[in-house]
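In terms of numbering that gives the first Met the number 0, the sequence shown opens at residue 0 and continues consecutively. Here a beta-carbon is modelled for each residue, glycine too, at the ideal position from N, C-alpha and C. As structure tokens, the structure follows; a few thoughts come after it.
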Amino acid sequence: MKQGLWQCGQCRQWWIYKVQPHTERLNRECLRCGQRVRATIDRRPGRRGRPATVRVEQRPSYTPHSALEHERQARNKHWRRRPAIDEFTRASKLEEWQVGIE
Ligand SMILES: [Zn+2]
């Protein structure tokens, strides 16, 4: 099983995901703002390219759910204290997404 945390690109909320080992793509809907999220689960660090609006962080399969939940809550507290991210990047990314949403 693969598991870890992902962050909604729209409202910046972190969520826990658990998928089958062969799953490469995450397809979720944010329970907070309803944003449809599609992301590739990629364990390679330091990937360059366009800034990722959706963040996916994988954790080892043996990590207990309570630990994931603890980290999720800690991260959700963390981003609320920080100033807004680059609004231009966010806006252009959102437009791109809306094209792909059925
Ligand atoms: Zn959201």
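Contact under 8 Å by Cβ, residue i with residue j
i, j, result
"Val36", "Cys29", "yes"
"Gln34", "Gln9", "yes"
"Cys7", "Arg31", "yes"
"Asn75", "Gln2", "no"
Close-in-space but distant-in-sequence residues of the same chain around residue i (CB under 6 Å, 5 per side omitted)
i, result
"Leu93", "Its pLDDT being 49, under 50, Leu93 is placed unreliably by the model, and the measurement read from it follows with that caveat. Cβ within range, chain order: n/a, list empty."
"Arg27", "Val36"
"Gly60", "Correcting the residue identity first, residue 60 is Ser in this sequence and not Gly. These residues qualify, in order along the chain: Met0."
Close Cβ partners of residue i (< 8 Å) along its chain, the five nearest in sequence each way excluded
i, result
"His64", "Ile15"
"Thr39", "Glu23, Arg24, Leu25, Val55"
"His77", "none"
Contact set for residue i: own chain, Cβ-Cβ below 7 Å, skip 5 residues either direction
i, result
"Pro20", "Met0, Lys1"
"Leu67", "Gln2, Leu4, Ile15, Arg58"
"Thr62", "Gln2"
"Glu70", "Leu4"
C-beta neighbour in chain B for residue i, strict 8 Å
i, result
"His64", "Chain labels in this structure do not include chain B; a single protein chain is all it has."
Practice task
Could you name the residues whose beta carbon sits closer than 6 Å to any heavy atom belonging to ligand 1, keeping them in chain order?
Solution key: Cys7, Gln9, Cys10, Gln12, Cys29, Arg31, Cys32, Gln34
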